[in-house]
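Down below is the structure, laid out as structure tokens.
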Amino acid sequence: MKLTVEQMLVSKGITPKEGHLEILEARWKEMSELRGDLDGIKIDDADIALKNIAGGDHHE
Amino acid sequence: MSNLHLKSVEELAPLLESKQLSPVELTKEILEFAHQSQEAINSYIDFYDDEAIKAAEKAEAEIANGDYKGMYHGIPLALKDNLYFKDKVTTMASKIHKDFTSDADATVVEKLREAGVIFTGKLSMHEYAWGITNNNPHYGPVRNPWDTTKMPGGSSGGSGAAVAAGASVASLGTDTAGSIRIPSSACGIVGLKPTHGRVSKFGCFPLAWTLDHIGPMTKTVKDAAAMLEIISGFDHRDPTCVDRPIDQYVNYLTGDVKDLVIGVNEDYFFKQVDHDVENAVRKAIDLLVSQGAKVEVVKIPSLQYAEWAELVTSLSEASAIHHSNLKTRPEDFGNDIRLLFELGELPSAVDYLQAQQVRRQLKAEFAEAFKKVDVLIAPTLPVVANDIGDDTVDLNGEKVDLINNIIRFTGPSNLTGLPALTVPCGFKGKLPIGLQIIGPAFKEGKVLNVGYAVEQCNLMEGKKPEILLANR
């Protein structure tokens, strides 16, 4: 089942402002396009970035 | 002494130390100019006139007694209004927090106070620091001193405008996707986002915990280096703060770039850039090369996912912070940030964690690049400041989305936590252009020295915003 943007927000108790839904859908689509396929990124790396904060593991 | 508001900290400090200038005289002039420029640039949210004069009198007595504390002693500053002052209101330039009072100073405020700084007030910002225009629905737009029809950039737009105009000698900003560097570039000043963990964030209202930084916004690189020395250091009250010695950053400022290896990433940092901005940055690089620096082209493939990872991380973290108010009183947010908070409710936990994997890989690739080069140089912004209220920007004749484009070159350093400095390097028309220097973790000294070398090239030709002259 695929939830719409409106359903996702309402399920969290959030009422989107009138006129925002269309913009949100467009922005969400843009973000998905930016994400692409993450080709080349080790997204399932066993060494997952648990210590991921910027100051947590600086390479020096 | 006249036109004190035009001077940098490095120019004022010797006058104060030698008692040729009184902190009271200086503070009065800065306050007078700050009030006078308010109608034109709207950089302040609150003025601390009486307290500032009292603090200036105290500084004057200390200096007279031979207790000079250093370069910032007796210097009047105003700070961004998301940094807490004990028993004072900190608004975050919002309606919801308009009466919020903290029972403690932010660590950076405490450190500046100990260094003898005089606080003249609090500066405007984009509401909750969640935007780059400073077109604030509750406190009005901040205006760019170089052209008051243009935005100052944000979110630290009050700091950028105030420092550029002379309404504050220097300031602090906060930076989650570029909010120190964007207004610094747009307003023609120096802005440094230090390494994540270098400066404590205790007492700063968060925008996105893992991306937030605090750093100097100043007229000169030396002012920024001296301020960083003051505000750096471990603080157990900030769990992301890193315990390591503080450098003497001013000592790095030799301007010597002989044998410096400059990394240039053509695939990301020089794509879709305004031609005049690109030319100004390349001209500055050429000048450094003429002084003995070398250029190496570097590849950082994961940068292609940086925008997505920055967006997912910042949107998710910001919406987590404001989730409750978004449910119960959404109408109290400005329209633009309400939209962003709604958008931040959409990414899944999987999206967020995958963004962190991108982040980790990006950090590793930058570290690899820094085995070959000393610093990376890039434009700070792909464009110059645009009209207040316009959500699009002209990029070489094409209208493009303002927000997505303006954070493209600054966001990666928030993901990696690496230090990044912007210094002015020229103009497009009458609007300043910024050049960005990114360095390895905790190598702020090296980054600042490259910025100092650019500054010595005098690419701004000593020009000042017209408001400095028009209002006097």
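Here the protein sequences come in this chain order: A and B.
Each number in my numbering comes from the position in the first sequence (counting from 1) with 242 added on.
Each number in my numbering comes from the position in the second sequence (counting from 1) with 204 added on.
Even for Gly, the Cβ is constructed at its ideal location relative to N, Cα and C.
In this text, all values refer to a predicted model and were calculated from it rather than measured experimentally.
When secondary structure is reduced to three states using DSSP, Ile435 (chain B) falls in the helix class. Considering only B:Pro398, B:Thr380 and B:Ala645, the residue with the shortest C-alpha distance to Arg612 (chain B) is B:Thr380. For a Cβ distance threshold of 8 Å, residue set Leu550 of chain B lies close to Val247 (chain A), ordered along the chain.
Leu376 (chain B) is a Cβ neighbour of Lys284 (chain B), given a cutoff of 8 Å. Judged by their CB atoms, Leu464 (chain B) and Ala428 (chain B) are not nearer to each other than the 8 Å cut-off. In terms of Cα proximity to Lys211 (chain B), the closest of B:Gly548, B:Lys426 and B:Gln560 is B:Lys426. DSSP places Glu267 (chain A) inside the alpha helix (DSSP H), whose first and last residues are His262 to Arg277.
Taking 8 Å as the threshold, the shortest C-beta distance from Lys254 (chain A) to chain B falls below it.
The count of Cβ pairs closer than 8 Å, one atom from the segment 244 to 261 of chain B and one from the segment 304 to 315 of chain B, stays below three, leaving the stretches out of contact.
Of the residues assessed, Lys567 (chain B) falls on the buried side of the cut-off, its CB having 16 or more other CB atoms within 10 angstroms. The criterion of a C-beta distance shorter than 8 Å is satisfied by Phe289 (chain B) and Asp309 (chain B).
In the DSSP assignment, Gln560 (chain B) falls within the unbroken alpha helix (DSSP H) covering Ala553 to Ala573.
Secondary structure at Glu665 (chain B): coil, using DSSP grouped into helix, strand and coil. Along the segment 500 to 514 of chain B, going in chain order, the ones with a CB nearer than 7 Å to a CB of chain A are Pro505, Ser506, Tyr509, Glu511 and Trp512.
Residues of chain A with a Cβ closer than 8 Å to the Cβ of Leu491 (chain B) do not exist, since the nearest Cβ in that chain sits about 30 Å away.
Burial is judged here by how many other beta carbons sit within 10 angstroms of a residue's own beta carbon; Asn662 (chain B) has fewer than 16 and is exposed. For the pair Ser372 (chain B) and Leu281 (chain B), the CB atoms are nearer than the 8 Å cut-off.
Interface annotation, Lys244 (chain A): not in contact with chain B, CB-CB separation never under 8 Å. The alpha-carbon of Met355 (chain B) is positioned some 6 Å away from that of Asn590 (chain B). Proximity of chain B to Lys284 (chain A) at the Cβ level (cut-off 8 Å) is accounted for by Gln561 and Gln565, in chain order.
Between Pro534 (chain B) and chain A, the shortest Cβ-Cβ separation is below 8 Å.
The beta carbon of Gly358 (chain B) sits closer than 7 Å to those of Met329, His330, Gly335, Ile336, Thr337, Asn338, Ser383, Ile386 and Pro387, all from its chain and outside the five residues before and after it, given in chain order. Taking a 10 Å sphere around the C-beta of Leu432 (chain B), we find 16 or more other C-beta atoms and assign the residue as buried. The criterion of a C-beta distance shorter than 8 Å is not satisfied by Leu276 (chain A) and Leu547 (chain B).
Listed in chain order, the non-local C-beta contacts of Arg441 (chain B) below 6 Å within the same chain comprise Phe406, local neighbours out to five positions each way being set aside.
Within chain A, no residue has its beta carbon less than 9 Å from that of Arg441 (chain B); the closest one is some 14 Å off. With 16 or more other CB atoms across the displayed protein chains lying within 10 angstroms of its CB, Glu659 (chain B) is buried. With a contact defined as Cβ atoms closer than 8 Å, Gly649 (chain B) and Tyr456 (chain B) qualify at about 4 Å. Listed along chain A are Lys254, Gly255, Ile256 and Thr257, each with a C-beta nearer than 9 Å to that of Lys531 (chain B). Close CB contacts of Glu470 (chain B) within its chain, under the 8 Å cut and outside five residues either way in sequence, are with Val501 (chain order).
Lys284 (chain A) places its beta carbon less than 8 Å from that of Gln561 (chain B).
Chain A has a Cβ within less than 8 Å of the Cβ of Glu546 (chain B). Here the alpha carbon of His301 (chain B) sits roughly 10 Å from the alpha carbon of Asp536 (chain B). Pairing Ser298 (chain B) with Val499 (chain B), the inter-Cα distance amounts to about 45 Å. Annotation for Pro387 (chain B): the continuous alpha helix (DSSP H) segment containing it runs Arg385 to Cys391. DSSP assignment within the segment 331 to 417 of chain B yields the following whole alpha helix (DSSP H) runs of 4 residues or more, N-terminal first: 361 to 369 and 385 to 391.
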